[in-house]
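All letters in the sequence shown, in the order written, are residues 149 to 331 by our numbering. Glycine included, C-beta positions come from ideal geometry on N, C-alpha and C. Small disclaimer: the values here were computed from a predicted structure and weren't measured. Take a look at the structure set out below.
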Amino acid sequence: MALRADVAAMLADAGMLDAEVDEAVEDEHVRVRVYGEVVAAVAASRRPDAERRIVALILRDPVSSVAKTAVVQLVDEVAMRSAGPGEFQRWAAGLLPELRRLDAEGHGPFVRRRVHDWSVHLAIEDGRTPAAAELAGTTPWMQRMLAEKVTSLPVLTLLAESGGTRKIRNIAGRRADALMKGR
Numbered sequence: 149m150a151l152r153a154d155v156a157a158m159l160a161d162a163g164m165l166d167a168e169v170d171e172a173v174e175d176e177h178v179r180v181r182v183y184g185e186v187v188a189a190v191a192a193s194r195r196p197d198a199e200r201r202i203v204a205l206i207l208r209d210p211v212s213s214v215a216k217t218a219v220v221q222l223v224d225e226v227a228m229r230s231a232g233p234g235e236f237q238r239w240a241a242g243l244l245p246e247l248r249r250l251d252a253e254g255h256g257p258f259v260r261r262r263v264h265d266w267s268v269h270l271a272i273e274d275g276r277t278p279a280a281a282e283l284a285g286t287t288p289w290m291q292r293m294l295a296e297k298v299t300s301l302p303v304l305t306l307l308a309e310s311g312g313t314r315k316i317r318n319i320a321g322r323r324a325d326a327l328m329k330g331r
């Protein structure tokens with residue numbers, strides 16, 4: 149069975165030989181957990197060749213939502229470990245061509261939006277203030293994360309004025325006020 153061979157190869161590539169392959173093959177929930185562990189291990193190793201191999205194997209999973217979940221987790225892991233937006237964008241450029249199977253299932257655009265979200269986030273962390281349209285192009289998930297965590301007054305002000313939801317605008321507005329008052 150191809151899935152069994154793919155799962156076994158993934159685990160071996162991540163140095164995780166003790167996981168139960170048969171259980172992962174039989175149960176997609178176990179597979180999601182195993183893929184998550186593999187993705188975390190491979191992302192931590194910072195080996196782009198291994199990441200591409202893992203993504204290629206994951207994308208062959210017969211359940212496209214399982215594949216999407218694992219690929220999104222890899223995107224998140226790599227973004228959080230990236231030194232900046234340039235490094236992340238170079239990494240993502242190597243990943244995006246692999247997403248054809250997810251496109252066929254309708255999940256590719258979701259992964260591409262996640263890559264865009266992280267690109268904007270990393271640019272903000274790098275000291276850049278995005279244009280209002282660029283910030284508006286991020287998902288509500290990313291806008292809320294930015295409203296809750298960013299310390300840039302211009303970004304918080306943009307979110308307070310034009311965040312995608314009232315909750316995002318309120319969080320950003322309160323945080324912008326607190327920054328202006330020195331709290």
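What do you reckon, are the CB atoms on A308 and A320 nearer than 8 Å?
yes
CA-CA distance, P233 and D197?
20 Å
Between the Cα of P278 and those of W266, V303 and E235, spot the shortest distance and give me the residue it belongs to.
V303
Extent of the continuous alpha helix (DSSP H) to which V303 belongs
L301 to S310
Between which two residues does the alpha helix (DSSP H) containing A324 stretch?
R314 to M328
What number of angstroms, rounded off, separates the C-alpha of R194 from the C-alpha of A157?
18 Å
Alpha helix (DSSP H) containing H269: first to last residue?
G256 to E273
Contact defined as beta carbons within less than 8 Å: I believe A227 pairs with L294. What is the distance between those atoms, to the nearest angstrom?
Not a contact, Cβ separation roughly 13 Å.
Ignore the nearest five residues each way along the sequence and tell me which others in S300's own chain have a CB closer than 7 Å to its CB.
I272 and T277
At a cut of 8 Å, does the segment 214-228 reach the segment 184-193 through at least three beta carbon pairs?
yes
If we ignore side chains and look at the alpha-carbon of each, how far apart do V220 and L243 end up?
11 Å
If distances are taken between C-alpha atoms only, which option among L159, E296, D265 and D274 comes closest to A281?
D265
Tell me the DSSP secondary structure of R195 in three-state form.
coil
By a C-beta neighbour count over all protein chains shown, 10 Å radius and 16 as the cutoff for buried, is V211 buried or exposed?
exposed
Check the C-beta distance from D161 over to R208 and give it rounded, since I have them as a contact under 8 Å.
Not a contact, Cβ separation roughly 14 Å.
How would you label W239, buried or exposed, when you count the other beta carbons within 10 angstroms and need 16 or more for buried?
buried
Own chain partners of R152 with C-beta closer than 8 Å, once the 5 adjacent residues on each side are dropped:
V169, D170 and V173
According to the neighbour-count rule (16 or more other Cβ atoms, all chains shown, within 10 Å of its Cβ), is G256 buried or exposed?
buried
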